[in-house]
Each structure stands twice: as C-alpha cells, then as structure tokens.
Amino acid sequence: MARRADPLKDYNARRDFKKTPEPAGTPGRAEGNSFVVQKHAATRLHYDFRLELDGVLKSWAVTRGPSLNPDDKRLAVRTEDHPLSYGGFEGNIPKGEYGGGTVMLWDEGTWEPVAGKDPRQTLKDGHLHFTLHGKRMKGEWLLVRMKPRAGEKRENWLLRKIDDTHAGGSDELVETVLTSVETGRSMAQIAAGAPAVSLKGKRGKAFTRAMTEARSATVRAKPKSAKSGRLPAFRAPQLATLVDHVPTGTEWMHEIKFDGYRCLLAANGDKARIYTRTGLDWSDRFAPLVEAAAALDLPPCLIDGEIVVMDRNGNPSFSALQKALTEGSDGFVLFGFDLLELDGEDLAQLPNIARKQRLSGLLSPDGPIRYADHVVGAGEKLYEAMCGAGQEGIICKRVDARYVGKRTKNWLKVKCTRRQEFVIVGWTASSAKARPFASLLLAQNRANGLAYAGKAGTGFDADTFAMLEGKLRPLARKTAPVAVPRAEARGANWVTPKLVAEIAFAEFTSDDRLRHASFIGLREDKMPGDIAPETPAPVSDGDDGVTITHPDRVIFPEAKITKGELADYYRQVGAVMLPWLAHRPASLVRCPQGRARQCFFQKHDSGSFGPAVHHIPIVEKNGKPDDYLYVENTQGILACVQMGTIEFHGWGARVEDVERPDRMVFDLDPDEAIGFDIVKTAAKDLRKHLDDIGLISFPMLTGGKGVHVVVPLTPGAEWDAVKDFAERFARAIAELEPDRFTATMSKAKRKGRIFIDWLRNQRGSTAIMPYSARARPGAPVAAPISWKELDGIEKAGTFTVKDAKKLLKRAGSRDLAGWGVAAQNLPGI
Numbered sequence: 001m002a003r004r005a006d007p008l009k010d011y012n013a014r015r016d017f018k019k020t021p022e023p024a025g026t027p028g029r030a031e032g033n034s035f036v037v038q039k040h041a042a043t044r045l046h047y048d049f050r051l052e053l054d055g056v057l058k059s060w061a062v063t064r065g066p067s068l069n070p071d072d073k074r075l076a077v078r079t080e081d082h083p084l085s086y087g088g089f090e091g092n093i094p095k096g097e098y099g100g101g102t103v104m105l106w107d108e109g110t111w112e113p114v115a116g117k118d119p120r121q122t123l124k125d126g127h128l129h130f131t132l133h134g135k136r137m138k139g140e141w142l143l144v145r146m147k148p149r150a151g152e153k154r155e156n157w158l159l160r161k162i163d164d165t166h167a168g169g170s171d172e173l174v175e176t177v178l179t180s181v182e183t184g185r186s187m188a189q190i191a192a193g194a195p196a197v198s199l200k201g202k203r204g205k206a207f208t209r210a211m212t213e214a215r216s217a218t219v220r221a222k223p224k225s226a227k228s229g230r231l232p233a234f235r236a237p238q239l240a241t242l243v244d245h246v247p248t249g250t251e252w253m254h255e256i257k258f259d260g261y262r263c264l265l266a267a268n269g270d271k272a273r274i275y276t277r278t279g280l281d282w283s284d285r286f287a288p289l290v291e292a293a294a295a296l297d298l299p300p301c302l303i304d305g306e307i308v309v310m311d312r313n314g315n316p317s318f319s320a321l322q323k324a325l326t327e328g329s330d331g332f333v334l335f336g337f338d339l340l341e342l343d344g345e346d347l348a349q350l351p352n353i354a355r356k357q358r359l360s361g362l363l364s365p366d367g368p369i370r371y372a373d374h375v376v377g378a379g380e381k382l383y384e385a386m387c388g389a390g391q392e393g394i395i396c397k398r399v400d401a402r403y404v405g406k407r408t409k410n411w412l413k414v415k416c417t418r419r420q421e422f423v424i425v426g427w428t429a430s431s432a433k434a435r436p437f438a439s440l441l442l443a444q445n446r447a448n449g450l451a452y453a454g455k456a457g458t459g460f461d462a463d464t465f466a467m468l469e470g471k472l473r474p475l476a477r478k479t480a481p482v483a484v485p486r487a488e489a490r491g492a493n494w495v496t497p498k499l500v501a502e503i504a505f506a507e508f509t510s511d512d513r514l515r516h517a518s519f520i521g522l523r524e525d526k527m528p529g530d531i532a533p534e535t536p537a538p539v540s541d542g543d544d545g546v547t548i549t550h551p552d553r554v555i556f557p558e559a560k561i562t563k564g565e566l567a568d569y570y571r572q573v574g575a576v577m578l579p580w581l582a583h584r585p586a587s588l589v590r591c592p593q594g595r596a597r598q599c600f601f602q603k604h605d606s607g608s609f610g611p612a613v614h615h616i617p618i619v620e621k622n623g624k625p626d627d628y629l630y631v632e633n634t635q636g637i638l639a640c641v642q643m644g645t646i647e648f649h650g651w652g653a654r655v656e657d658v659e660r661p662d663r664m665v666f667d668l669d670p671d672e673a674i675g676f677d678i679v680k681t682a683a684k685d686l687r688k689h690l691d692d693i694g695l696i697s698f699p700m701l702t703g704g705k706g707v708h709v710v711v712p713l714t715p716g717a718e719w720d721a722v723k724d725f726a727e728r729f730a731r732a733i734a735e736l737e738p739d740r741f742t743a744t745m746s747k748a749k750r751k752g753r754i755f756i757d758w759l760r761n762q763r764g765s766t767a768i769m770p771y772s773a774r775a776r777p778g779a780p781v782a783a784p785i786s787w788k789e790l791d792g793i794e795k796a797g798t799f800t801v802k803d804a805k806k807l808l809k810r811a812g813s814r815d816l817a818g819w820g821v822a823a824q825n826l827p828g829i
C-alpha cells in the first residue's frame with residue numbers, strides 16, 4: 001500500500017473533535033518504534049494493536065485479543081492509521097461517535113522488525129514479523145494478511161505468537177490482565193471517569209447504584225499493612241541433602257537444579273536487594289537484576305532463588321555465570337523457587353506447595369526475574385530429562401514441609417554428575433608455554449581439619465588460566481597448608497586456602513583422591529571453612545505414617561469405592577490440594593459408615609483426630625473461643641479420612657489472619673429444573689461482570705450441581721466489608737436479570753432461577769475445597785477448570801475419585817497455570 005500524502009486523512013475525517021476527546025493529529029517524525037494496545041469496548045469488545053511506523057500508528061483491531069499460544073491465529077482487522085498522540089489516549093468516546101465506547105491503555109512498549117527485513121516492504125507484502133518489548137506482550141509475533149474475499153472492504157490479518165520463552169496459554173493475557181497499564185483502572189472505572197466501581201449502559205441504573213454503594217462500603221476498610229520503605233531482612237536459606245536416587249510418590253515435588261549462585265531477593269516497591277546464601281549484599285554485582293526487581297513493583301517480599309546465565313543453547317551455565325561476574329553482563333536471570341515473606345507475613349510455616357502457589361502470583365515465567373516451575377511426582381522423568389540435557393540434576397522437596405534455614409532431608413538433591421566444591425591449596429607448574437600451570441591442588445574439610453583431595457588438570461581455557469593466575473599469585477605462600485604425599489608435593493606451588501572451586505569428577509579413590517577431576521568455576525558465594533565432602537544418603541521413601549483401618553469398607557456403594565481407595569485418592573492429590581486447604585479453618589463432612597448412611601458436619605476437635613490435625617481458637621458469636629481444626633500436610637488430610645471424612649470445606653481466610661479473607665466465592669446454585677448449560681452461561685456472565693470492575697475470577701466444578709466462581713483477594717478488607725461487597729454484587733446482578741438470578745436463599749424464589757450464593761463470604765461460613773471428594777453418588781470431586789474448558793464440560797461432577805492421576809496431571813498443565821492466584825483487592829481497598 002503506497003504511502004499517502006496525508007496518512008491521517010481517514011482518521012481525521014471519521015471524527016468530530018468537538019465531541020470526542022480523542023486527539024486530532026498530524027504525522028510525527030518517522031523515527032520512533034513504540035507500540036500500544038488499547039482495550040476498546042465499542043460495539044464489540046476488541047483490542048486495538050498499534051505499531052509506530054513512518055510517524056503514525058499502524059493499527060489492527062484484534063477481535064479476541066492477543067494469545068500467547070503459538071497455535072492460535074487471532075483475527076486482526078486492519079484499520080486506519082492513527083496519530084502518535086493516540087498512543088497515550090485512555091477514556092470514553094461518546095456514544096454515537098465513531099468507535100463510541102471505553103478505551104483502556106492495556107499495554108505499551110517498543111517493537112522492532114526481525115533482523116534483515118524492511119517492515120515497510122513486508123507490511124506491503126502482507127507479512128510482518130517483529131519482536132515486542134511491552135509490559136505485557138513480549139517476544140516474537142507475526143502478522144499475516146489473509147487472501148481477500150469478494151466484497152471485503154478491509155484487510156483481514158492474523159496475529160500469531162511465535163513459540164519462544166514468552167509463549168503461554170491461549171487466554172492467559174486477556175483473562176488475567178484487566179486493568180490499565182497506565183492508571184491501574186478497570187474498564188468500569190474508566191467508564192465512570194474516576195477510580196470508582198460502577199457499570200454503565202444497558203445494565204441499568206439499579207446495577208450502577210448497587211455497585212457504587214458496594215464500593216462505598218468497602219472503601220472504609222483499611223488494608224492489613226501499607227507498603228513501608230523497609231525491605232525484609234536476610235535469613236538463613238534452607239539447604240538440600242545429597243541423595244542417591246529420586247524419591248517417589250506425590251508427596252514430593254521436583255524442580256530443576258539450576259547451575260548458578262543461590263540468592264535471596266528482598267523487594268518492596270521500587271526497592272530491592274540481593275543477598276548471597278551467606279548474607280553478603282551483592283546488589284551491586286547483580287545490579288541488572290536489582291533494577292528488574294524494582295521495576296516489578298513487588299509488595300514487601302523475600303524470595304529464595306538461584307541466579308544463572310544461559311549458554312548458547314539456552315541452558316544454565318556456571319562458567320557463563322562466572323564470566324559474566326568477572327567481565328560484567330546484563331544476561332543474569334533469577335529463578336525464584338520459594339517465598340519466605342509476603343506483605344509482612346512470615347510464610348515459613350506454610351507447606352512448600354502453598355508457598356510456591358503464593359509465589360506464582362508474584363512472578364511470571366519469563367523475564368529476568370522468573371517463577372521456577374515444578375512437577376508433583378514424576379521426578380524420575382524430570383531427572384532423566386535434565387541429565388539428557390547435560391544439566392546438573394534436580395531438587396526434590398516434600399510438598400508439605402515448612403521452610404527451615406538449615407540443611408534437612410525435606411529438601412533433597414540428586415545430581416546427574418558428581419560435582420562438589422573444593423578449596424584450592426596450590427598448583428603445579430606446566431611445561432607448556434601457553435599454560436601458566438598444569439593442575440590445581442585441592443582439599444576439603446574433614447574430621448581432622450583440611451585434608452588433601454587430589455588434583456584437577458582439565459577444564460581450563462585461556463580466559464580461565466588468566467583469571468586463576470591473577471587470583472592465585474597474591475595468595476602465594478612457602479609452606480603447604482595441608483599434608484600432601486611427598487610424590488604429589490614435588491614441584492608444587494602453595495597458596496593460602498581462600499579460593500573455592502567447583503569440580504566435576506568421576507569418583508573418589510580408596511584413599512580419598514579425585515579421579516578424572518575437571519575445573520568448572522570458582523565459587524565466590526561459598527566460604528572455605530564450609531567446604532566438606534558430600535556423600536549421597538539413601539532415600540527413605542517410606543509411608544505417610546497414617547494407618548487406614550477398615551480399608552475395605554465401601555464408602556460409595558454406587559461406585560463401589562472403599563475407604564482405602566478414598567484414602568489413596570487423597571494421598572495422590574494431597575500435593576495439589578494443600579495450597580487451598582492447608583492452614584485454613586476447616587469443616588468436615590464425616591460419614592463413618594459410608595455416604596449412604598448418617599453423615600454430619602464437624603468443625604471442632606477435642607483431640608481425637610491425632611497430632612496431624614491442628615487447632616486454632618476462634619472467638620464465636622457468643623464471645624467465647626472454641627477450637628477449630630485445620631491441617632498442614634497430607635498426613636492431616638489422611639488422619640481426617642481415617643476418621644470417616646469424605647468432604648473438606650474451608651473458610652475464606654487462613655489461620656494466620658482469620659479476620660481478613662483471601663478470597664470470595666460465588667456459588668451458582670441452580671433450581672433442579674435448570675440444566676448445566678444454563679449454569680455455565682451464568683458463570684461466564686458473572687465472570688464478565690467481575691472483569692468489568694477489575695476482578696480476576698476462576699471457575700471450579702463443585703462436584704454437585706453448580707459452579708463456583710472464585711475471586712482471589714489480597715488479605716486487607718475484613719469480613720464485614722467482603723460480605724457487604726459480595727451481597728451487593730449478587731443483588732445487583734439479580735436486580736439486573738431477575739428472570740435468571742436470585743440473591744435470596746428461599747427455594748420458592750429460586751424456582752426457575754440460579755441462586756447466586758454470596759453467603760459463603762461471611763465469617764464462619766465455608767465452601768468446598770478444590771479437589772475435595774463429595775458425599776454424593778458416583779464419588780464426584782470439586783475440580784478447578786479454566787474458563788476455556790468450561791464450554792466443553794457436561795456436568796459439575798465430571799471428575800471423580802477414580803481420576804486422581806488425571807487431576808494431578810491437569811494441575812500442572814498450561815491451562816491451569818496460575819489458577820486461583822491473583823494479587824488484587826476489593827474495589828476501593
């Protein structure tokens with residue numbers, strides 16, 4: 001398409017700038033490379049994708065929004081060029097004007113064409129390949145023009161993500177990013193002209209009034225703690241024990257053993273510090289990561305992780321890290337794998353899996369500060385994959401273990417090759433002119449002090465020789481710091497033992513000498529006095545310590561599922577259930593003789609459940625405290641099953657702060673005459689209303705009749721505020737569509753309608769926990785699903801106790817990545 005004399009002629013002709021706040025404009029200088037995406041609620045919701053080129057914004061309307069899934073091709077309709085000034089526009093275009101509706105500045109950044117391609121020519125040819133550096137859209141993308149059909153007036157293109165490290169789920173962006181990148185406002189707040197919760201247009205005055213009142217009620221509640229300038233303090237990191245094989249069972253989760261430097265990242269808003277494993281402040285040495293952490297604007301938190309540098313193949317490389325530290329680099333990547341503190345709360349007592357669930361809500365899987373993923377069970381497969389890729393090995397962690405600042409057997413490491421740290425005590429001269437030395441002399445601390453361990457004569461290149469020579473010469477001494485056999489000491493040059501080296505080797509000989517030792521790199525993060533031999537310990541896979549009596553008793557007569565099989569189900573899914581159930585006051589549905597016999601609720605425990613089930617005193621309405629029960633680990637779940645428990649229901653708050661909920665739940669409870677398809681449509685409509693006010697939500701099949709719409713919250717508002725908001729929200733929707741919904745529990749008023757049960761959001765009320773079995777025919781379970789999956793689900797009891805392996809695999813899938821996690825407050829908080 002040849003460039004016109006006035007590329008903005010169509011833009012200006014379509015608008016009356018006396019009526020619309022949109023900027024009029026003339027072409028800018030043809031030198032910029034900005035891009036923006038504007039979420040636009042016009043006749044239909046779409047996303048306007050705009051790339052700066054030749055002084056204007058080339059524009060496409062992406063009907064369903066951008067997808068991170070490389071398999072998705074999203075329709076992008078080419079629209080008129082826009083002025084550069086439009087890139088900062090956010091607001092409301094009056095109804096009746098061209099493009100009338102609300103516009104949100106949804107993403108912004110810079111772009112660049114792939115190397116060697118002229119974007120002007122490829123745009124003309126209908127094939128634009130480019131890289132985005134946005135706050136939300138990153139990596140490589142492709143725009144391809146479709147072959148025009150007869151009568152089409154506009155160009156139809158397809159927008160697709162290239163498969164790279166920034167790829168993800170189909171609706172990962174549009175489902176989880178609901179606020180302005182510039183102002184933090186939701187679409188409804190922009191529509192209202194201020195940061196207020198109200199809905200506009202056809203939804204009616206009643207809905208707008210009710211939602212505005214909901215905000216007014218919640219705005220008075222105070223957050224638990226506001227950001228202060230202080231950073232969380234360093235604490236000793238937990239260390240892993242070397243073992244001889246990968247532990248089995250779903251009570252273990254497994255992570256990549258990154259080949260780098262262990263660190264703790266302390267962050268708070270625009271401030272961050274990085275500490276080594278011994279507490280040294282290395283913020284200056286890792287300045288690019290400190291800057292990246294500050295740019296994330298994290299709440300006060302302390303993150304445990306590993307800093308690496310990738311090699312040419314995209315694998316962590318210790319030698320590349322060492323080179324980067326010596327020469328300076330911006331290629332550092334920090335993989336965060338644990339969260340010790342968040343918003344002033346000490347998380348060390350939570351299970352491993354629960355801490356990771358909190359961490360996944362803070363970090364993304366890409367960028368310089370990344371979330372380190374894990375798998376539950378299947379550790380052998382991960383180990384084989386890492387060894388096959390030439391990596392160091394894996395770390396295995398008990399899913400239910402607390403964080404302890406010392407070496408324990410709750411964290412294990414399994415190495416693909418034998419690698420340990422040694423202290424350099426000397427070097428031997430080389431006959432080759434190009435080599436300043438032939439080998440390093442090494443030692444380790446043993447029972448009687450520093451002991452000689454042999455030599456390493458390979459693993460050096462020219463740069464390594466130069467670096468080591470520069471560090472060894474100032475440490476020269478005349479006497480050996482360790483006892484060395486005369487034959488091996490001949491011609492040796494000794495140094496004070498201050499340098500620690502990472503060494504790969506085949507084995508130790510019978511006299512504790514290294515065989516086939518190769519230098520990997522120096523360890524500046526470790527002290528010589530801490531370097532001792534590591535001997536792999538045997539792994540005790542063992543049992544969970546809970547005996548299930550009467551395992552053959554039939555609990556579900558229709559499905560012929562026994563008590564033992566129910567226990568096996570919870571044993572397998574315990575790892576993925578704990579993030580939601582652990583440390584939460586719970587109520588149990590107990591059916592000691594099976595679900596067809598007498599069942600009852602229980603929320604208090606006098607001690608009969610055993611030591612794996614814990615108690616917390618909570619003040620009742622009468623002003624007196626009573627002990628509520630909660631569990632911390634899979635053993636606690638199984639102890640409850642042993643006592644006849646089938647269902648687990650939980651409060652909307654955790655025991656660490658029972659007065660401030662961390663979620664809202666809207667239970668869509670249909671009249672008996674309503675089919676599940678109608679319930680699914682209702683859930684999606686509820687999600688849309690929540691989206692409009694900036695709240696991310698997630699669907700869960702209840703295993704009963706309906707769907708739960710789960711809204712995660714950052715604890716801040718107290719119960720009265722959350723209950724008030726939930727009630728007003730539910731009643732507003734019921735008032736908007738009285739033929740479809742009711743917010744009243746009365747069964748008479750529910751006839752032919754869906755009850756939006758908001759009552760679960762009051763102090764003392766509970767909701768069924770994810771992955772809990774239900775005491776219903778067929779042994780169904782409550783199962784998290786994605787919004788994308790909901791259309792294909794036929795009933796709320798799709799998954800059963802027999803689907804443990806399937807549920808476990810789903811929990812680690814891309815579709816459910818980040819399910820139930822979002823850092824968000826009630827509107828107005």
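One point on numbering: in the UniProt record's numbering, the residue at position 517 of the sequence shown is 517, and numbering is uninterrupted. Every residue, glycine too, gets a C-beta built ideally from N, C-alpha and C. Here the structure is a predicted model, which is why all the values come from computation and not from measurement.
Item to check | For residue 517 and residue 454, believed in contact at Cβ under 8 Å, the rounded distance | outcome: About 6 Å; that satisfies the 8 Å criterion.
Item to check | Collapsed DSSP secondary structure at residue 547 in the structure displayed | outcome: In the structure shown, residue 547 falls within a coil segment according to DSSP collapsed to helix, strand and coil.
Checklist entry - Okay, do the region 612-625 and the region 557-569 touch, 3+ Cβ pairs below 8 Å being the bar? => result Segments in contact, no.
Checklist entry - How big is the Cα-Cα spacing for residue 750 and residue 574? => result The straight-line gap from Cα to Cα measures roughly 36 Å.
Checklist entry - In terms of DSSP beta bridges, what is residue 255 paired with? => result Beta-bridge pairing links residue 255 to 395.
Item to check | Check whether residue 11 and residue 80 have beta carbons under 8 Å apart | outcome: Yes, the pair counts as a contact, with Cβ atoms nearer than the cut-off.
Item to check | Given residue 5 as reference, the closest of 43, 24, 31, 56 once Cα atoms are compared | outcome: It is 56.
Item to check | Coarse secondary structure for residue 387, derived from DSSP in three states | outcome: Correct three-state label for residue 387: helix.
Next on the checklist: Helix, strand or coil for residue 147? Go by DSSP, reduced to three states.
Outcome noted: In this structure, residue 147 counts as coil in the three-state DSSP scheme.
Item to check | Run of the alpha helix (DSSP H) containing residue 360, from where it starts to where it stops | outcome: Following the DSSP letters along the chain, one finds residue 360 inside the alpha helix (DSSP H) bounded by residues 352-360.
Next on the checklist: On the CB-based measure, 16 or more other CB atoms within 10 Å of its CB, does residue 598 come out buried or exposed?
Outcome noted: Under this definition residue 598 is an exposed residue.
Checklist entry - Along the chain, where does the beta strand (DSSP E) that runs through residue 39 open and close? => result Per DSSP, residue 39 belongs to the beta strand (DSSP E) from 34-41.
Item to check | Residues that residue 633 bridges to, as DSSP identifies them | outcome: None; residue 633 has no bridge partner.
Item to check | Classification of residue 827 by the beta-carbon crowding that lies within 10 angstroms, buried from 16 upward | outcome: Under this definition residue 827 is a buried residue.
Checklist entry - What residues in its chain sit with their C-beta under 7 Å from that of residue 154, if we drop five residues either side in the sequence? => result Within the same chain, residue 154 has close Cβ partners 77, 78.
Checklist entry - For residue 225, which of helix, strand or coil comes out of DSSP? => result The predicted position of residue 225 is uncertain, since its pLDDT is 41 and thus under 50; no value can be drawn from it.
Checklist entry - Is the beta carbon of residue 663 less than 8 Å from the beta carbon of residue 712? => result The answer is yes: Cβ separation under 8 Å.
Next on the checklist: Taking the alpha carbon of residue 504 as the reference point, which residue from 304, 416, 524, 22 has its own alpha carbon closest?
Outcome noted: That would be 416, whose Cα lies nearest to the Cα of residue 504.
Checklist entry - residue 338 bridges to which residues according to DSSP? => result Answer is 304, bridged to residue 338.
Item to check | Ordered list of alpha helix (DSSP H) runs contained in the region 732-800, each at least 4 residues | outcome: Those alpha helix (DSSP H) runs which fall completely within the region 732-800 and span 4+ residues are 747-750, 787-790.
Item to check | Test: residue 641 CB closer than 8 Å to a CB of chain B | outcome: Among the protein chains of the structure shown there is no chain B, as only one such chain exists.
Checklist entry - What whole-angstrom Cβ distance do residue 272 and residue 293 have, given they're in contact under 8 Å? => result Between residue 293 and residue 272 the Cβ distance is about 4 Å, and since that is below 8 Å, they are a contact.
Next on the checklist: Assuming residue 310 and residue 317 are in contact, meaning their beta carbons sit under 8 Å apart, how far apart are those beta carbons, in whole angstroms?
Outcome noted: Their Cβ separation, rounded to whole angstroms, is 7 Å, which keeps residue 310 and residue 317 in contact under 8 Å.
Checklist entry - Nearest to residue 800 by CA position, among 578, 445, 558, is which residue? => result Considering only 578, 445, 558, the residue with the shortest C-alpha distance to residue 800 is 558.
Checklist entry - Which runs of the beta strand (DSSP E), 3 residues or longer, sit entirely within the region 92-169? => result Look at the region 92-169 and you find these whole runs of beta strand (DSSP E), each 3 residues long or longer: 101-113, 127-134, 138-145, 156-161.
Item to check | Closest Cα partner of residue 301 within the set 314, 265, 171, 21 | outcome: For residue 301, the nearest C-alpha among the options comes from 265.
Checklist entry - Smallest Cα separation from residue 710: which of 769, 678, 753, 677? => result Checked all of 769, 678, 753, 677; the closest Cα to residue 710 is 769.
Checklist entry - What whole-angstrom Cβ distance do residue 444 and residue 465 have, given they're in contact under 8 Å? => result Contact between residue 444 and residue 465 is absent: CB atoms are separated by about 24 Å, not below the 8 Å threshold.
Next on the checklist: In this structure, how does DSSP classify residue 299 when only helix, strand and coil are distinguished?
Outcome noted: Three-state DSSP puts residue 299 in a strand.
Item to check | Rounded distance between the beta-carbons of residue 260 and residue 321, thought under 8 Å | outcome: Confirmed, Cβ separation roughly 5 Å.
Item to check | Sequence-distant residues of its chain with Cβ nearer than 7 Å to residue 70 (five each side left out) | outcome: So the qualifying residues of the chain are 160, 161, 162, 163, 167.
Next on the checklist: Quick check: the Cα distance between residue 282 and residue 368, rounded to an integer number of angstroms?
Outcome noted: C-alpha separation (whole angstroms): 16 Å.
Checklist entry - Residue range of the beta strand (DSSP E) that residue 493 falls in? => result Judged by DSSP secondary structure, residue 493 falls within the beta strand (DSSP E) whose first and last residues are 492-495.
Next on the checklist: So if DSSP puts residue 48 in a beta bridge, which residue, or which two residues, is it bridged to?
Outcome noted: Beta bridge pairing from DSSP links residue 48 with 38, 61.
Item to check | Contact set for residue 548: own chain, Cβ-Cβ below 6 Å, skip 5 residues either direction | outcome: Cβ neighbours of residue 548 beyond the five flanking positions: 564, 567, 642.
Checklist entry - Can you tell me the Cα-Cα spacing of residue 146 and residue 130, whole angstroms? => result The straight-line gap from Cα to Cα measures roughly 18 Å.
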